[in-house]
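> Letter by letter, the sequence shown follows residues 4 to 387 in my numbering.
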Amino acid sequence: MPRHENPEHQLTCSRRRFIINRTFRISSRFAVAGAVVTAVAIGASPAGVDPALALDSCFDRAREPYTSVVDSHLHTRPFGGKAIPFEELNGYLQKSGVRYASMYGIGQTLPADSGCTYYLDCPGVPVVPSMKNDFVNASNYLEAKPEDPELTPSMTFMDLNHPETIPSGINLYDKEFPGVFRWAGEVNLVKQALFPNQQKAATIENIKNWAPFMKVLRDRGIPITIHSDLGSNADRLKYLPLMEETLRRYPKNKIVWAHMGLSKELSTMDPDQHIGIMERLLDRYPRLTLDLSWRVLEDQYFSKPGVRRKYAAFLDRYPTRAIPGTDFVASANKDYQDYEEELDVTSRINKALSNEAFRDIALGRNYFRLLGIDRTPPTVCKAR
Numbered sequence: 004m005p006r007h008e009n010p011e012h013q014l015t016c017s018r019r020r021f022i023i024n025r026t027f028r029i030s031s032r033f034a035v036a037g038a039v040v041t042a043v044a045i046g047a048s049p050a051g052v053d054p055a056l057a058l059d060s061c062f063d064r065a066r067e068p069y070t071s072v073v074d075s076h077l078h079t080r081p082f083g084g085k086a087i088p089f090e091e092l093n094g095y096l097q098k099s100g101v102r103y104a105s106m107y108g109i110g111q112t113l114p115a116d117s118g119c120t121y122y123l124d125c126p127g128v129p130v131v132p133s134m135k136n137d138f139v140n141a142s143n144y145l146e147a148k149p150e151d152p153e154l155t156p157s158m159t160f161m162d163l164n165h166p167e168t169i170p171s172g173i174n175l176y177d178k179e180f181p182g183v184f185r186w187a188g189e190v191n192l193v194k195q196a197l198f199p200n201q202q203k204a205a206t207i208e209n210i211k212n213w214a215p216f217m218k219v220l221r222d223r224g225i226p227i228t229i230h231s232d233l234g235s236n237a238d239r240l241k242y243l244p245l246m247e248e249t250l251r252r253y254p255k256n257k258i259v260w261a262h263m264g265l266s267k268e269l270s271t272m273d274p275d276q277h278i279g280i281m282e283r284l285l286d287r288y289p290r291l292t293l294d295l296s297w298r299v300l301e302d303q304y305f306s307k308p309g310v311r312r313k314y315a316a317f318l319d320r321y322p323t324r325a326i327p328g329t330d331f332v333a334s335a336n337k338d339y340q341d342y343e344e345e346l347d348v349t350s351r352i353n354k355a356l357s358n359e360a361f362r363d364i365a366l367g368r369n370y371f372r373l374l375g376i377d378r379t380p381p382t383v384c385k386a387r
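Here is the structure:
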């Protein structure tokens with residue numbers, strides 16, 4: 004049975020869209036970086052928007068949703084089977100108040116004749132690298148040319164176990180879709196959940212051989228989101244050396260660590276130990292960014308007594324080093340309520356953040372910096 008929408012929630016999202024769109028537009032046009040934009044008289048406000056609020060350019064956390072306006076980790080294509088139609092998915096973003104998103108495909112797909120939609124439901128069925136989803140994403144993007152939400156197509160085909168195949172793939176993308184792909188990933192350094200599907204962790208030798216394609220990304224300023232599990236409950240830090248080697252070899256690349264290295268297989272990590280590892284690597288590698296996507300972070304960590312406070316304090320100390328995302332996979336058996344729930348769950352940490360961290364993370368400042376785009380989020384209103 005469909006859920007009834009809360010009119011007050013709809014009004015709040017409409018109000019937020021107006022404030023954020025207006026402030027971004029003015030900031031971009033006049034390059035008002037970090038300044039509070041003072042509004043001039045507005046002839047007419049959008050229906051349902053408080054006229055007094057329409058004259059205010061700051062973001063009022065007491066009145067507005069805590070959900071992020073950026074989804075940096077959105078899989079617009081599924082592992083297998085049909086996808087949510089592109090225009091429909093864009094409608095989900097608009098309706099939920101998401102203004103910016105990265106379009107991840109799924110670089111490792113299930114065979115078309117397998118009948119599988121999700122790899123966990125099909126152990127033993129091989130998951131194989133493919134360019135198919137990236138091509139569909141690029142074609143949809145060029146056909147629709149959406150401005151709201153603003154989308155960033157990403158290259159997800161890269162097989163880190165066979166890095167010799169990657170430069171030629173990038174060259175093909177350049178030829179077929181020049182200038183379209185401005186992100187790379189999510190790519191798998193080690194994803195334990197795929198081990199039953201004939202996947203394995205990359206090796207130290209593989210990482211050494213990434214140099215040619217990492218240089219291309221570095222020269223173009225393209226971020227790469229890497230899924231690299233820390234370990235499992237049986238051996239919590241088993242795979243940490245792989246990410247450390249990646250960072251050591253490629254310190255000048257914009258590397259985004261998906262899910263902060265956490266996973267369903269690692270539910271018992273001590274938060275203090277995990278935060279300590281993150282701090283050590285953030286301090287050592289200034290271009291490292293943490294990805295806060297996937298509800299596993301909330302369900303297995305942030306929601307536990309006292310833990311949210313620890314992670315919020317950590318993010319407050321490193322406000323410029325994290326980006327938000329849902330990790331939503333747009334398979335056709337899902338609908339708007341599913342996306343809305345994932346956005347809500349993955350945004351709950353935002354409520355505990357300082358105003359500075361909220362602006363940098365939830366309102367997208369860090370995302371814009373990573374992409375090098377001229378956007379300035381609204382300032383957060385001071386407490387009254």
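Ideal Cβ placement from N, Cα and C applies to all residues, glycine included.
1) Could you name the residues of the same chain whose beta carbon sits closer than 6 Å to that of Leu295, not counting the 5 residues immediately before and after it, in chain order?
2) Going by DSSP, what residue range makes up the alpha helix (DSSP H) through Asp341?
3) If you follow the alpha helix (DSSP H) that Glu248 is part of, which residue opens it and which one closes it?
4) Thinking Ala315 and Ser71 are a contact (beta carbons under 8 Å), I'd like their distance in whole angstroms, please.
5) Which residue comes first and which comes last in the beta strand (DSSP E) that contains Glu153?
6) Does DSSP classify Ala333 as helix, strand or coil?
7) Bridge partners of His78, per DSSP?
8) DSSP state of Asn191, grouped into three classes?
9) So Ser105 and Leu145 are supposed to be a Cβ contact under 8 Å. How far apart are they, rounded?
10) Nearest-angstrom Cα distance between Phe371 and Thr206?
11) What whole-angstrom Cβ distance do Asn93 and Pro152 have, given they're in contact under 8 Å?
12) Taking just the CA atoms, how far does Ser171 sit from Leu265?
13) According to DSSP, is Asp363 part of a helix, a strand, or is it coil?
14) Within its chain, find whatever has a CB closer than 6 Å to the CB of Tyr304; leave out the 5 residues flanking it on each side and keep chain order.
15) Nearest-angstrom Cα distance between Ile376 and Tyr103?
16) Along the chain, where does the alpha helix (DSSP H) containing His230 start, and where does it finish?
17) Which two residues bound the contiguous beta strand (DSSP E) that contains Ile258?
18) Please return the same chain residues whose Cβ sits closer than 8 Å to the Cβ of Arg64, not counting the five positions on each side in sequence.
Short version:
1) If you number the sequence shown from 1, residue 295 lands on position 292. Cβ within range, chain order: Ala325 and Pro327.
2) Numbered from 1 along the sequence shown, position 338 holds the residue referred to as residue 341. Counting along the chain, the alpha helix (DSSP H) containing Asp341 begins and ends at Tyr339 to Ser350.
3) Stepping through the sequence shown from its first residue, residue 248 is reached at position 245. Its alpha helix (DSSP H) spans residues Leu243 to Arg252.
4) Within the sequence shown, numbered from 1, the residue matching residue 315 stands at position 312. Within the sequence shown, numbered from 1, the residue matching residue 71 stands at position 68. Actually they do not touch by this definition, with Cβ atoms about 15 Å apart.
5) As a first step, residue 153 is located in the sequence shown; it is residue number 150 there, counting from the start. That run of the beta strand (DSSP E) goes Glu153 to Met158.
6) Reading the sequence shown from its first residue, position 330 is the one you call residue 333. DSSP places Ala333 in coil when its eight states are reduced to three.
7) As a working note, residue 78 is residue 75 in the sequence shown. Answer is Tyr107 and Val332.
8) In the sequence shown, counting from the first residue as 1, residue 191 sits at position 188. Here Asn191 sits in strand by DSSP.
9) Numbered from its first residue, the sequence shown carries residue 105 at position 102. Numbered from its first residue, the sequence shown carries residue 145 at position 142. At roughly 16 Å, the Cβ-Cβ gap does not stay under 8 Å, so Ser105 and Leu145 are not in contact.
10) Here residue 371 corresponds to residue number 368 of the sequence shown, with the count starting at 1. Here residue 206 corresponds to residue number 203 of the sequence shown, with the count starting at 1. So the alpha carbons of these two residues sit roughly 32 Å apart.
11) Locating residue 93 in the sequence shown gives position 90, counting from the first residue. Locating residue 152 in the sequence shown gives position 149, counting from the first residue. Going by Cβ atoms, the distance from Asn93 to Pro152 rounds to 6 Å, so yes, they are a contact pair.
12) Here residue 265 corresponds to residue number 262 of the sequence shown, with the count starting at 1. Here residue 171 corresponds to residue number 168 of the sequence shown, with the count starting at 1. Cα to Cα, the separation comes out at about 32 Å.
13) Here residue 363 refers to the residue found at position 360 when the sequence shown is read from its first residue. Three-state result, Asp363: helix.
14) In the sequence shown, residue 304 corresponds to position 301, counting from 1. Excluding residues within five positions, the ones whose Cβ falls inside 6 Å are Val310.
15) Residue numbering aside, residue 376 sits at position 373 when the sequence shown is read from its first letter. Residue numbering aside, residue 103 sits at position 100 when the sequence shown is read from its first letter. Their backbone Cα atoms lie some 12 Å apart in a straight line.
16) Walking along the sequence shown from the start, residue 230 turns up at place 227. Element bounds for His230: not the alpha helix (DSSP H) but the beta strand (DSSP E), Ile227 to Ser231.
17) Indexing the sequence shown from 1 puts residue 258 at position 255. It spans Ile258 to Trp260 - the beta strand (DSSP E) in which Ile258 sits, taken as one unbroken run.
18) As a working note, residue 64 is residue 61 in the sequence shown. Taking Arg64 as the centre and dropping the five residues before and after it, the same chain places the C-beta of Asn358, Phe361, Val383 and Cys384 closer than 8 Å to its C-beta, in chain order.
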